[in-house]
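Participant: I am attaching a structure below and will ask some questions about it afterwards.
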Amino acid sequence: MYVDMVTARHYEERLQEEYLEGKQPAFDISAGPIPGELHLAAGHEASGAGVCQHLRDDDAVTAPHRPHHVAIAKGVDLKRMTAEIFGRETGLGKGKGGHMHLFDPDVNFACSGIIAQGCPPAAGAALAAKKRNTDSVAVAFLGEGAIDQGGFLESLNFAAVRDLPVVFVIEDNDWAISMPKDRVTDVENGSRRAGGFDMPGVRVDHDDAVAIYEAAGEAIGRARDRNGPTLLEVQVHRRMGHFMGDPQSYRPERDQDAALARDSIERLAADLRAHGVDDDELDELREDAHKRVEEAIAWAKDQPEPEPGAAHEDVFVNPGSGVTDSEPEFELAGGDD
Amino acid sequence: MSQQTQRVERELTMSRAMVEAIATEMRDDDEVFYMGEDVADYGGIFDSTEGLREEFGYDRVMDVPISETAYIGAAVGAAQMGMRPIAELMFVDFFGVAMDQIYNQLAKNTYMSGGNVSVPMVLTTAVGGTYNDAAQHSQTLYGTFAHVPGMKVVVPSTAYEAKGLMHNAIRDDDPVVYMFHKRLMGIGWMPAPDGPKTPVPETDYTIPFGSADVKREGDDVTVVTLGLHVHRALEAAENLADDGTSVEVLDLRSLVPLDTDTIVESVEKTGNLVVVDEDYRSFGVTGEIVASVADEALGALDAVERVAVPDVPIPYSRPLENEVVPNVGDIEAAVERIQ
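Chains as they are written, first to last, in the numbering used here: chain A, 1 to 337; chain B, 1 to 339.
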């Protein structure tokens, strides 16, 4: 868990540096080595690590537009993921998806740039597991800003009525871009949404990886034992802007300071020290994680950009005609031809 | 016809042919299942699943909450895990509540994954008017679905097509939108015109997408159309033949992919093109067909006519709906204008 978290933190900090290259002093979204928008998850690490610790490769995960910490914790190929973020040919999606649309079928990870819309496919993956009578589960991650979306609420009901082995994880970082939670919903505790669907709802109040790990273990165990879905909300914090380049002028300074002070990685490190792990060991784990990140970034930057002609490929996996390109001949009685 | 060609006598309605294909695929593959509103006990409001629940039970013929985003999205998720779901959108007009799952997930996940993820599902949906159901229950929206890349879009016009296209749709590893016209299904309370009830082989067979069918050969004018209007065009062609005009009628059968070759071949013969569509005129099927022919064979085009719904919502009252949905007379008039 600690390794996943320090990997994810260093990953986001390094991507921030790479992303801003060429974009300063005047921010130009079209400049620099990383194309497009970039939504970094520094401050969310405890959620991805605490939840995914309980998952196997055959369990499906859908993540939202802020997906890197979840992808890392789910075991997505870090080099190919990084190459995708840099828009390179050897990326997970050959440079066609980008950082909000990472797909790694080897570990059943997917993400979507549309708020709450990962929930229905996660329910569908859970439906597939149930139909196939396996003990696989599915987890949908979403932000607290997504809890008023129809796709989320419909999925809760669909999962509840079908007893699907799925866990919905709300990552509450207090902010939906510029909108604080209390201005858009009267429900302070998003997990209470579960009550309307007769589903267990659990909230973990602090950025505490161990508490998230324990709550997620219970929810995922429940799903794996075929006892139905759970809604889990975990408090995280947003250490950076909504997207890189976000001036955050809407955000009080004290809120940013408070977010920086609530460091779940430091909290977990303190827990580990209290359990007898010494600083040298923690340093070593962190250095190994940093090394892995540096290798992935170096590898990705070394990869070729896609050939322009590749833009025309991969709309379909089968030929346009489907599974056949010829029609059998029948003599239809009474036909004109 | 060669000696091996099988002669087929047995006639089915379009709905029976569609269901026969689905049932056969469900028998052959446990991973095929059907989700939709009123598809189990009711058998589909338009008979699209009649009898399936009795054979396959509620686990494989699933009635779902009125939550199109959830269950169409769940079909996407199950398909990405390798199953072969069929999800039914009761009326195509209801697409709006689930358009993100259709436009942004179903259609794009294959491409965004660089082809590493496939979405082998079928989205069935009822289309069309002619029974005074007004603006929110009468559209075809062919152009809306054919517009976004990543979905194959098929439109059967007869029972024979309904079965062969459905077999191909379920077996295809890509998402296929299967748009069936209510008026063609052969439902007791919505009588079909002559034509969609055809002989249907008992064996399973696949009709390739992107293969338009010449439903009637002719020399003077090419009429390109799909769905219900195949039958209206055939009737118009029959009437015009009495006046000495020879009309060729092409049934597109699929919009994605579009069989431009067959259209161009016909236009090169006739020089005259009439496109007939039950969808809106602007930014839709008629304009696309004309543009495609112009791209490929501008020189072969002597004259062009478009027959489509003028750009108004489908009205309720009978005389109003009849005014805007192209009828046989409208097609004949277009052919005559072009001559």
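Ideal placement from N, C-alpha and C gives every residue a C-beta, glycine not left out. These numbers come from a predicted model, not from an experiment.
Within the 9 Å Cβ cut-off, does B/D100 reach chain A?
Facilitator: The count along the second sequence starts at 1 and reaches residue 100 of chain B at position 100. True, the Cβ-Cβ gap to chain A drops below 9 Å.
Participant: The alpha helix (DSSP H) spanning B/L258 covers which residue range?
Facilitator: For the purposes of this step, residue 258 of chain B is taken as residue 258 along the second sequence, with counting starting at 1. No alpha helix (DSSP H) holds B/L258; DSSP gives it neither H nor E.
Participant: Using a Cβ-Cβ cut-off of 9 Å, state whether A/G228 counts as contacting chain B.
Facilitator: Within the first sequence, the letter at position 228 stands for residue 228 of chain A. Taking Cβ atoms only, chain B never reaches closer than 9 Å to A/G228, which makes this a no.
Participant: Using the beta-carbon of each residue, which ones in chain A are nearer than 7 Å to B/I289?
Facilitator: Walking along the second sequence from the start, residue 289 of chain B turns up at place 289. What B/I289 touches in chain A: nothing, since even the nearest Cβ is about 17 Å away.
Participant: On the three-pair Cβ rule with 8 Å, is the stretch 108-117 of chain A touching the stretch 60-78 of chain A?
Facilitator: The stretch 108-117 of chain A is in contact with the stretch 60-78 of chain A.
Participant: Tell me the start and end of each unbroken alpha helix (DSSP H) in the stretch 66-131 of chain B that is at least 4 residues and wholly inside, in chain order.
Facilitator: Fully enclosed alpha helix (DSSP H) runs of 4 or longer: 68-80 and 109-112.
Participant: List, in order along the chain, the chain A residues whose C-beta lies closer than 7 Å to that of B/D172?
Facilitator: Indexing the second sequence from 1 puts residue 172 of chain B at position 172. Chain A residues near B/D172: N318, G322 and V323.
Participant: Any chance you could list the beta strand (DSSP E) runs of at least 3 consecutive residues sitting entirely within the stretch 224-253 of chain A, in chain order?
Facilitator: The stretch 224-253 of chain A contains these whole beta strand (DSSP E) runs: 230-235.
Participant: Which of helix, strand or coil does DSSP assign to B/Y178?
Facilitator: Residue numbering aside, residue 178 of chain B sits at position 178 when the second sequence is read from its first letter. In the structure shown, B/Y178 sits in a strand (DSSP, three-state: E or B).
Participant: On the DSSP letters alone, give me the boundaries of the beta strand (DSSP E) that B/T225 sits inside.
Facilitator: What you label residue 225 of chain B is simply residue 225 of the second sequence in a count that begins at 1. Counting along the chain, the beta strand (DSSP E) containing B/T225 begins and ends at V221 to T225.
Participant: Which residues in chain B sit within 8 Å of A/H65, going by Cβ to Cβ distance?
Facilitator: Within the first sequence, residue 65 of chain A is the residue found at index 65, counting from 1. By Cβ distance, chain B contributes nothing, its closest Cβ being about 12 Å from A/H65, past 8 Å.
Participant: For the beta strand (DSSP E) containing B/Y34, list its first residue and its last residue.
Facilitator: For this step, residue 34 of chain B is matched to residue 34 along the second sequence. First-last of the beta strand (DSSP E) with B/Y34: V32 to G36.
Participant: Ordered along the chain, which non-local residues of its own chain (more than five positions away) have a Cβ less than 6 Å from that of A/M1?
Facilitator: Reading the first sequence from its first residue, position 1 is the one you call residue 1 of chain A. Answer for A/M1: A49, Q53 and A209, listed in chain order.
Participant: Once the 5 residues before and after B/A98 are set aside, which same chain residues still bring their CB inside 6 Å of it?
Facilitator: Counted from its first residue, the second sequence places residue 98 of chain B at position 98. The residues are E68, T69 and I72.
Participant: State buried or exposed for A/G322, treating a residue as buried only when at least 16 other CB atoms are found within 10 Å of its CB.
Facilitator: Numbered from 1 along the first sequence, position 322 holds the residue referred to as residue 322 of chain A. Counting Cβ neighbours within 10 Å, A/G322 comes out buried, since at least 16 surround it.
Participant: In the DSSP assignment, what residue or residues form a beta bridge with B/V325?
Facilitator: One-based indexing of the second sequence puts residue 325 of chain B at position 325. DSSP lists no partner for B/V325.
Participant: Less than 9 Å between the C-beta atoms of A/F168 and A/A128, yes or no?
Facilitator: Taking the first residue of the first sequence as 1, we reach residue 168 of chain A at position 168. Taking the first residue of the first sequence as 1, we reach residue 128 of chain A at position 128. Against a cut-off of 9 Å, the Cβ pair of A/A128 and A/F168 comes out as no contact.
Participant: The alpha helix (DSSP H) with B/I289 in it runs from where to where?
Facilitator: On the second sequence, residue 289 of chain B is found 289 positions in, with the first residue counted as 1. Its alpha helix (DSSP H) spans residues V285 to A297.
Participant: Would you mind stating whether B/V324 and B/V274 have Cβ atoms separated by less than 9 Å?
Facilitator: The sequence position of residue 324 of chain B within the second sequence is 324, counting from 1. The sequence position of residue 274 of chain B within the second sequence is 274, counting from 1. Going by C-beta atoms, B/V324 is not nearer than 9 Å to B/V274.
Participant: Could you work out which residues of chain A lie near B/N168, taking near to mean beta carbons separated by less than 9 Å?
Facilitator: Counting from one through the second sequence, the residue named residue 168 of chain B turns up at place 168. Chain A residues near B/N168: S321, G322, V323 and T324.
Participant: Could you tell me the boundaries of the alpha helix (DSSP H) in which B/M26 lies?
Facilitator: Here residue 26 of chain B refers to the residue found at position 26 when the second sequence is read from its first residue. M14 to D28 is the extent of the alpha helix (DSSP H) around B/M26.
Participant: Listing by chain order, which chain A residues have their CB less than 9 Å from the CB of B/I86?
Facilitator: Residue mapping note: residue 86 of chain B aligns to position 86 of the second sequence, counting from 1. Neighbours of B/I86 on chain A: none; closest Cβ ~13 Å, over 9 Å.
Participant: At which residues does the alpha helix (DSSP H) containing A/D4 begin and terminate?
Facilitator: If you number the first sequence from 1, residue 4 of chain A lands on position 4. Note, A/D4: alpha helix (DSSP H), Y2 to L20.
Participant: Note down, in chain order, every chain B residue with its Cβ under 9 Å from the Cβ of A/A125.
Facilitator: Counted from its first residue, the first sequence places residue 125 of chain A at position 125. Within chain B, the residues near A/A125 are A74, G77, A78, Q80 and M81.
Participant: Three-state secondary structure (DSSP) at A/M199?
Facilitator: Position 199 of the first sequence, counted from the start, is the residue given in the question as residue 199 of chain A. Coil, per DSSP.
Participant: Does any C-beta atom of chain A lie closer than 9 Å to the C-beta of B/T69?
Facilitator: Here residue 69 of chain B is taken as the residue at index 69 of the second sequence, counted from 1. At least one chain A Cβ lies under 9 Å of B/T69.
Participant: Does the distance from the CB of A/A160 to the CB of A/P229 come in under 9 Å?
Facilitator: Sequence index remark: in the first sequence, residue 160 of chain A carries index 160 (1-based). Sequence index remark: in the first sequence, residue 229 of chain A carries index 229 (1-based). Their beta carbons are under 9 Å apart, which means A/A160 touches A/P229 by this criterion.
Participant: Would the stretch 304-321 of chain A and the stretch 106-124 of chain B be scored as touching if the rule is three or more Cβ pairs under 8 Å?
Facilitator: Short answer: they touch.
Participant: Please name the residue or residues paired with A/P180 in a DSSP beta bridge.
Facilitator: Locating residue 180 of chain A in the first sequence gives position 180, where the first residue counts as 1. Answer is A/W175, bridged to A/P180.
Participant: So what's B/V155 in DSSP terms, helix, strand or just coil?
Facilitator: As a first step, residue 155 of chain B is located in the second sequence; it is residue number 155 there, counting from the start. B/V155 falls in the coil class under three-state DSSP.
Participant: Less than 9 Å between CB atoms is the rule here; does B/N109 satisfy it with respect to chain A?
Facilitator: Reading the second sequence from its first residue, position 109 is the one you call residue 109 of chain B. Output row for B/N109: interface = yes.
Participant: Distance cutoff 9 Å, beta carbons only. Does B/T270 sit that close to anything in chain A?
Facilitator: Walking along the second sequence from the start, residue 270 of chain B turns up at place 270. By this cut-off, B/T270 is not an interface position.
Participant: Spell out whether any CB of chain A is found under 9 Å from the CB atom of B/F33.
Facilitator: For the purposes of this step, residue 33 of chain B is identified with residue 33 of the second sequence, where counting begins at 1. For B/F33, the answer is yes, since a Cβ of chain A falls inside 9 Å of its Cβ.
Participant: Classify B/I22: buried if its beta carbon has 16 or more other beta carbons within 10 angstroms, exposed otherwise.
Facilitator: Here residue 22 of chain B refers to the residue found at position 22 of the second sequence. Result: buried.
Participant: Determine, using beta-carbon pairs with one atom in the stretch 182-191 of chain B and one in the stretch 10-27 of chain B, whether at least three such pairs fall under 8 Å.
Facilitator: Result yes; three or more Cβ-Cβ pairs closer than 8 Å.
Participant: Hey, B/S48 and B/M26: beta-carbon distance below 9 Å or not?
Facilitator: For the purposes of this step, residue 48 of chain B is taken as residue 48 along the second sequence, with counting starting at 1. For the purposes of this step, residue 26 of chain B is taken as residue 26 along the second sequence, with counting starting at 1. Contact flag unset, no.
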